[in-house]
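S.K.: The opening residue of the sequence shown carries number 1 in UniProt numbering; numbering runs sequentially from there. Quick reminder that beta carbons are idealized off the backbone N, C-alpha and C, glycines included. This structure is a prediction, so every number in the text was calculated from the model and none was measured. After the structure tokens below, expect a handful of questions from me.
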Amino acid sequence: MSYLRSFSIILVCLFLGKGIQALLGLAIPGSILGMLILFGLLSAGLIRSHWVQSGCHLLIRHMALLFVPVGVGLMDHFALLSANSLPILLSTIGSSLVVFLVIGIAAHHKEKQ
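Now the structure itself:
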């Protein structure tokens with residue numbers, strides 16, 4: 001029964017997120033909005049964490065299987081990825097450097113206080 005309740009809550013949040021994304025035409029994926037809705041409900045205390053814990057543990061335990069469609073999609077678009085490999089590589093390295101710099105500056109300023 002706990003799996004049914006857990007997956008029902010997760011699916012309701014997912015469908016709410018997808019509905020909001022479709023209605024507002026946001027660039028943020030509906031699944032991310034659903035995850036934010038679930039996070040908000042958990043943070044506000046409207047949903048107890050043990051209500052969704054069993055379903056979350058099951059999904060995390062089998063997470064590797066959830067990456068199979070992504071891998072197949074990458075293989076399906078390999079020509080596109082290889083044609084744009086330099087911009088992808090440069091943007092990945094550049095964004096990582098920006099994150100490292102911001103975190104380093106923030107940590108440096110926090111240490112001074």
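For residue 15, report the span of its alpha helix (DSSP H) as first-last.
M.R.: Taking the first residue of the sequence shown as 1, we reach residue 15 at position 15. Note, residue 15: alpha helix (DSSP H), 2-24.
S.K.: What separation, rounded to the nearest whole angstrom, lies between the Cα atoms of residue 41 and residue 83?
M.R.: The count along the sequence shown starts at 1 and reaches residue 41 at position 41. The count along the sequence shown starts at 1 and reaches residue 83 at position 83. Each residue's Cα considered, the two are about 43 Å apart.
S.K.: Would the region 2-18 and the region 36-53 be scored as touching if the rule is three or more Cβ pairs under 8 Å?
M.R.: At 8 Å Cβ cutoff, the stretches touch.
S.K.: Would you mind stating whether residue 17 and residue 34 have Cβ atoms separated by less than 7 Å?
M.R.: Numbered from its first residue, the sequence shown carries residue 17 at position 17. Numbered from its first residue, the sequence shown carries residue 34 at position 34. In contact: residue 17 and residue 34 (Cβ atoms closer than 7 Å).
S.K.: Which one of 49, 54, 43, 48 has the shortest CA to CA distance from residue 4?
M.R.: Walking along the sequence shown from the start, residue 4 turns up at place 4. The residue with the shortest Cα to Cα distance from residue 4 is 54.
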